[in-house]
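See below for the structure under consideration.
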Amino acid sequence: MLNYVLIPLLPLAAFAVNILFSNAIGRRAHLIALPAVAGSFLLSVYALIGVQAGTIINQDIYSWIVSGSFKASIGFLIDQLTVVMLIVVTSISLLVHIYSVGYMHDDDGYARFFSYLSLFTFSMLMLVMSNNLLQLYFGWEAVGLCSYLLIGFWYEKKSAADAGKKAFIVNRFGDFGFALGILLIFVSLGSVHYADIFSGVGALQGRTINIAGFNFDLITLIALLLFCGAVGKSAQMPLHVWLPDAMEGPTPVSALIHAATMVTAGVFMIARFNPVFTLSDTAMAVVAIVGASTSLFAATIALVQNDIKRIIAYSTVSQLGYMVLACGVGAFGAGVFHLFTHAYFKALLFLGAGSVMHAMAGNVDIQKMGGLKKYMPATYWTFLLASLSIAGVPGFAGFFSKDEILWLAYNNGALGKVLWASGTLVAALTAFYSFRIIFLAFHGKFRGTAEEEHHLHESPKVITIPLILLAVGAVSAGWIGIPAAFGGANHFAEFLAPVVGHSAVTASHTEEMMVVALSIAAALGGIGMAYLFYSVKPCAPLILAGMFRKVYRLLWNKYYIDEIYDAILVRPSKWAASYLLVRVTDGRIIEGIVNGVPSMIKAFGDRLRKLQSGNLQHYAFGMVAGLFVILTVIFIAVSR
Amino acid sequence: MNIPFPDLTPAMPEVIMTSAAVLLLMLDLCFKNKALLALAGVITAGAVLYFLPVSMGETFGGMFISDRYSLYFKFIFMVNLILTILISIKYFQKQDEETGEHFSLLLFATSGMMIMASAKDLIVLYLGLELMALSTYVMAGLRRQNIKSNEAALKYFLLGAFSSALLLYGISLLYGMTTTTDIYAIADHINEIGSTHAFTAAMVLIISAFAFKIAAVPFHMWAPDVYEGAPSPVTAFMSVGPKAAGFAVMGRVLFVAFSEVQADWTAILIGISIATMAAGNILALVQTNIKRMLAYSSVAHAGYALIGIIAGTDEGLNAMMAYMMIYAFMNIGAFAIVILMNKGKEISDYEGLSKERPVAALLMLIFMFSLTGIPPTAGFIGKFNIFLAAVEAGYAWLVIIAVIFSAMSAYYYLRVVRNMYMREAKAPVIITRSLTLDFALLITAVMVVLIGILPSIIVR
Numbered sequence: 000m001l002n003y004v005l006i007p008l009l010p011l012a013a014f015a016v017n018i019l020f021s022n023a024i025g026r027r028a029h030l031i032a033l034p035a036v037a038g039s040f041l042l043s044v045y046a047l048i049g050v051q052a053g054t055i056i057n058q059d060i061y062s063w064i065v066s067g068s069f070k071a072s073i074g075f076l077i078d079q080l081t082v083v084m085l086i087v088v089t090s091i092s093l094l095v096h097i098y099s100v101g102y103m104h105d106d107d108g109y110a111r112f113f114s115y116l117s118l119f120t121f122s123m124l125m126l127v128m129s130n131n132l133l134q135l136y137f138g139w140e141a142v143g144l145c146s147y148l149l150i151g152f153w154y155e156k157k158s159a160a161d162a163g164k165k166a167f168i169v170n171r172f173g174d175f176g177f178a179l180g181i182l183l184i185f186v187s188l189g190s191v192h193y194a195d196i197f198s199g200v201g202a203l204q205g206r207t208i209n210i211a212g213f214n215f216d217l218i219t220l221i222a223l224l225l226f227c228g229a230v231g232k233s234a235q236m237p238l239h240v241w242l243p244d245a246m247e248g249p250t251p252v253s254a255l256i257h258a259a260t261m262v263t264a265g266v267f268m269i270a271r272f273n274p275v276f277t278l279s280d281t282a283m284a285v286v287a288i289v290g291a292s293t294s295l296f297a298a299t300i301a302l303v304q305n306d307i308k309r310i311i312a313y314s315t316v317s318q319l320g321y322m323v324l325a326c327g328v329g330a331f332g333a334g335v336f337h338l339f340t341h342a343y344f345k346a347l348l349f350l351g352a353g354s355v356m357h358a359m360a361g362n363v364d365i366q367k368m369g370g371l372k373k374y375m376p377a378t379y380w381t382f383l384l385a386s387l388s389i390a391g392v393p394g395f396a397g398f399f400s401k402d403e404i405l406w407l408a409y410n411n412g413a414l415g416k417v418l419w420a421s422g423t424l425v426a427a428l429t430a431f432y433s434f435r436i437i438f439l440a441f442h443g444k445f446r447g448t449a450e451e452e453h454h455l456h457e458s459p460k461v462i463t464i465p466l467i468l469l470a471v472g473a474v475s476a477g478w479i480g481i482p483a484a485f486g487g488a489n490h491f492a493e494f495l496a497p498v499v500g501h502s503a504v505t506a507s508h509t510e511e512m513m514v515v516a517l518s519i520a521a522a523l524g525g526i527g528m529a530y531l532f533y534s535v536k537p538c539a540p541l542i543l544a545g546m547f548r549k550v551y552r553l554l555w556n557k558y559y560i561d562e563i564y565d566a567i568l569v570r571p572s573k574w575a576a577s578y579l580l581v582r583v584t585d586g587r588i589i590e591g592i593v594n595g596v597p598s599m600i601k602a603f604g605d606r607l608r609k610l611q612s613g614n615l616q617h618y619a620f621g622m623v624a625g626l627f628v629i630l631t632v633i634f635i636a637v638s639r
Numbered sequence: 000m001n002i003p004f005p006d007l008t009p010a011m012p013e014v015i016m017t018s019a020a021v022l023l024l025m026l027d028l029c030f031k032n033k034a035l036l037a038l039a040g041v042i043t044a045g046a047v048l049y050f051l052p053v054s055m056g057e058t059f060g061g062m063f064i065s066d067r068y069s070l071y072f073k074f075i076f077m078v079n080l081i082l083t084i085l086i087s088i089k090y091f092q093k094q095d096e097e098t099g100e101h102f103s104l105l106l107f108a109t110s111g112m113m114i115m116a117s118a119k120d121l122i123v124l125y126l127g128l129e130l131m132a133l134s135t136y137v138m139a140g141l142r143r144q145n146i147k148s149n150e151a152a153l154k155y156f157l158l159g160a161f162s163s164a165l166l167l168y169g170i171s172l173l174y175g176m177t178t179t180t181d182i183y184a185i186a187d188h189i190n191e192i193g194s195t196h197a198f199t200a201a202m203v204l205i206i207s208a209f210a211f212k213i214a215a216v217p218f219h220m221w222a223p224d225v226y227e228g229a230p231s232p233v234t235a236f237m238s239v240g241p242k243a244a245g246f247a248v249m250g251r252v253l254f255v256a257f258s259e260v261q262a263d264w265t266a267i268l269i270g271i272s273i274a275t276m277a278a279g280n281i282l283a284l285v286q287t288n289i290k291r292m293l294a295y296s297s298v299a300h301a302g303y304a305l306i307g308i309i310a311g312t313d314e315g316l317n318a319m320m321a322y323m324m325i326y327a328f329m330n331i332g333a334f335a336i337v338i339l340m341n342k343g344k345e346i347s348d349y350e351g352l353s354k355e356r357p358v359a360a361l362l363m364l365i366f367m368f369s370l371t372g373i374p375p376t377a378g379f380i381g382k383f384n385i386f387l388a389a390v391e392a393g394y395a396w397l398v399i400i401a402v403i404f405s406a407m408s409a410y411y412y413l414r415v416v417r418n419m420y421m422r423e424a425k426a427p428v429i430i431t432r433s434l435t436l437d438f439a440l441l442i443t444a445v446m447v448v449l450i451g452i453l454p455s456i457i458v459r
């Protein structure tokens, strides 16, 4: 058991040491954080071997409070799904730790940064290892807190502080629903432990719950409330707005938290609760549609952006949509598979972007780059591999996982066909915007100033080595799930099947070949278009943008979602806050209470204090008076 | 007449403690080094702890009982004693006063508490109570040159004598009606003949005397003046030991002797508890002196702990006992920080402590959080258990009141935290560290956190 307990405990210990002794440790913070996360990684590999040998652990480690049917405990569930997440979290975390040694080298908050990274790793591990909803929720909020702290890491910068706040507030919406979902589960099933929930949820079928005169199907409501949490955390529409802004944080953070791990917690949670979700067709349809539309929507925005990190961020939103879509069509295994491969190629894209920013002195505009291939070959080649992977070029990791999602969506009835078509379109868009970066940033001529050009250089080894290691993952992570159609055995799906089940496949083999062919065509078509636009005819994008100015402006402004929220949510609430709350409620009512009660208590206290005169006779008199009051009251009570 | 020599095994801890106290008094004459006396005190406590488990049984003709109930309280007294000794040593050296008798008095007072916890007879109970009380009166006045200390001792003595009179009056009434002072025999009597007004009067008198010891309203008025005036280690000792002893006898007398009239004493205690929580919290709010603030906080905590007795169940009683244990750690911890500071009387003295002395500030933060009852500290567990027992016993409304007052307490505890972390220091903070004080802080802080995370280690 100890080996499992140590997995989250090592990063926690590193956090404690680094935060407590940050002054003394300073630049040596990584000497504590790195071995800790490396230890977690090795233990995770050991756990993987154990699970492969058939050791499934579901055990409460310790109970904090037990009261009736309510039990607040910490327990671990180590099964196939958990170990996949363990490997993803610890391996990416380890590489990001190494990368950060170089990337954050000159930052004043070096020790603080590493302590937050460790805290995040701990929280994320607690989240995925949990065997009950309460601990999951704790981890869920804790990773949210770390995300907030790390987005706003450079808090002197207003945009960073604002972005942190935005992430935090937007996630409140989702988490509110999530918390309600957990409460509803506890109220209906009397437990927050997964095992009890999954065995008991079947009995809830057909039960309805009456809210304000309307009857809702209980399971659907639970599933949708839980999904609310996923929508916030995994940045699905309409709560996706925080993720692109989250790029204000240091780039290693974007790679670890806002690409590979934390944002996939929503997908993980849906996969974990597949026994609940599959019982409600309505909820599944909602999940699938939200996922597919988010995926399409974010991909279109990514087409026209110029900030390299933002493009990748929208790409993350889009890919998360893919995973959610997979869960919605019941292909939980495929969703987790894509989560797994995506973690590597997306972390690589971010870290590569970080390497580019390093060379560009923080400049993120791809229009100002160009020809970087010559100056930073390691970054270029790893970035290219990741792009090939995300674009879905056959043989690369992204191809297999994306293809599996599309194929299983295709098998999901009429709705599935629509989702598949949209997914294939997204695949083409993805290939296009990914290679837009390649051609604009790495090929052609450098478009920045001469001074900037002079500064261009390859990043140090401590940065390029994690890139190379990630590139190995970005290329090969998919090979463990090669489907039967390509002569593989789909090990990944088989491995996860005990937790998430098999997806029904009804369509024929020929259709599978057609699906694959179309997705390959989409990938190659996207890359080809990008080549045409940004390498062969560089004026084409301008002409196109001119022709479809309205569409272009719409995409450039990200469908004005932020502006819409600002108009219908932020400004009215600000108005309400300043006029209704501050002037009326706050000024009169709340302030009246808030100031009134304490000042009343204070006045009362001061009055009461007078009794405490310091005079002995008064004290004795107080005692006697108290005695008589008690005697009188009790005699009246007794004689009645 | 042949009176057999009583079996001393059940009273072995008390025998050790009392002999050691006498011995210490004599050693004080020969040794200049007071740390040696402290060491002897700690060894004594260790011996007592060793003998506790084997001392089960009754003796002295059934006047003295050593059972699990008393053992738990004696354990609390030992914790209290050891921690107090640890925080005392440097303090008195710093004050530069000849106070060797301090350690001897600590042991005498602790013997008194132990006898109280084990008393099966009201006379024995009274003897223990007076031994404890007389020792603490003297300790409160140990700083002979300090006028506040003198005043504290005198006030405590006079009011204490008054409360003893109430207790004796109650006991004599009971004896007059039942011709016995045996707690269990009194219960049988009330069972047979039923309660009368005289019984009720005796009960009220006895409860009042106990309420004085636990500093419950309206018998609390001595507490702030005495806590402020007494030397800080003595205040720490007094705020935990006599309070726990008072709860020990209150629990035994009410649950055994007056079990038949539970409804009556429950009603009285509910009134006292609410008044205590109200007065303690409201008055703590307006204090500027940290020792006075802690005194009123100690009053408020008595109000919470009373709820455990009010619940009237074993769970309630257990929760009350666990609360006393937790209170010992967190309160003495807080006092240890007060002692650590060279200038730490006023709450404003703690401004900027986090910058100047981050570790001390962190420890104080832990104690303040625990006193407020914020998870995952021990204070939360203590309150949670008490409130849970009360809710299960059907006193949800009382718990709501207690939670409201508890929320109010956050104001004055967290004000210390705010001063430490959000204010700048006006003057450089000077602290006097010593090995024993560090050790006491380590124990208390670790226990406060550990109990918060692993409540099962003290809830038996």
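If you read the sequences in order, they're chains A and B. Going by numbering that gives the first Met the number 0, the first residue of the first sequence is number 0, and it counts up by one from there. Going by numbering that gives the first Met the number 0, the first residue of the second sequence is number 0, and it counts up by one from there. Here a beta-carbon is modelled for each residue, glycine too, at the ideal position from N, C-alpha and C.
In the three-state reduction of the DSSP assignment, PHE63/B falls in the strand class.
Listed along chain A is no residue with a C-beta nearer than 9 Å to that of ASP437/B; the closest approach is about 16 Å.
Looking at the DSSP output, PHE75/A sits in a beta bridge with GLN58/A, SER129/A. Under the DSSP assignment, PHE107/B falls in the alpha helix (DSSP H) whose first and last residues are 100-117. By the neighbour-count definition (other C-beta atoms within 10 Å, threshold 16), HIS341/A is a buried residue. At a cut-off of 8 Å between beta-carbon atoms, TYR618/A makes contact with chain B. Note on geometry: alpha-carbon atoms of LEU302/A and PHE119/A lie some 32 Å from one another. Assigned with DSSP and collapsed to three states, LYS70/A falls in strand.
In the DSSP assignment, the residues bridged to PHE213/A are ILE210/A. Secondary structure at VAL260/B: helix, using DSSP grouped into helix, strand and coil. One thing to note: SER272/B has its Cβ within 8 Å of the Cβ of LEU305/B. Sequence-ordered contacts of the segment 273-287 of chain B with chain A read ALA278, ILE281, LEU282, LEU284, VAL285 [C-beta pairs closer than 7 Å]. Pairing VAL230/A with VAL289/A gives a Cβ-Cβ distance under 8 Å. Relative to the Cα of ASN362/A, the nearest Cα in the group ILE600/A, ILE519/A, ASP306/A, ASN2/A belongs to ASP306/A. Below 8 Å, enough C-beta pairs join the segment 439-456 of chain B and the segment 375-390 of chain B to call them touching: three or more. In the structure shown, GLU247/A falls within a helical segment according to DSSP collapsed to helix, strand and coil.
The alpha-carbon separation between PHE152/A and LEU255/A amounts to approximately 14 Å. The Cβ of TRP221/B sits closer than 8 Å to at least one Cβ of chain A. Annotated three-state conformation of VAL16/A is helix, per DSSP. Beta-bridge partners of GLU57/B (DSSP): ILE64/B. Among the CB atoms of chain B, one or more fall inside 8 Å of the CB of ILE64/A. LYS601/A reaches chain B at LEU284, VAL285, counting residues in chain order whose Cβ is nearer than 7 Å. By the Cβ criterion, the segment 15-22 of chain A is in contact with the segment 107-121 of chain A, since at least three pairs of Cβ atoms, one from each stretch, lie closer than 8 Å.
A straight line joining the alpha-carbon of PRO427/B with that of ASN384/B spans about 41 Å. By the neighbour-count criterion, in which 16 or more other beta carbons inside 10 Å mark a residue as buried, ARG67/B falls on the exposed side. Assignment of MET421/B by DSSP, reduced to helix, strand and coil, places it in the helix class. Note on geometry: alpha-carbon atoms of GLY443/A and VAL323/A lie some 37 Å from one another. Here ALA270/A really is in contact with LEU80/A; their C-beta atoms are around 6 Å apart, less than 8 Å. In this structure, the beta-carbon distance from TYR409/A to LYS416/A falls below 8 Å. Under a 10 Å Cβ-count criterion, TRP241/A is classified as buried, with 16 or more other Cβ atoms of the shown protein chains found around its own Cβ.
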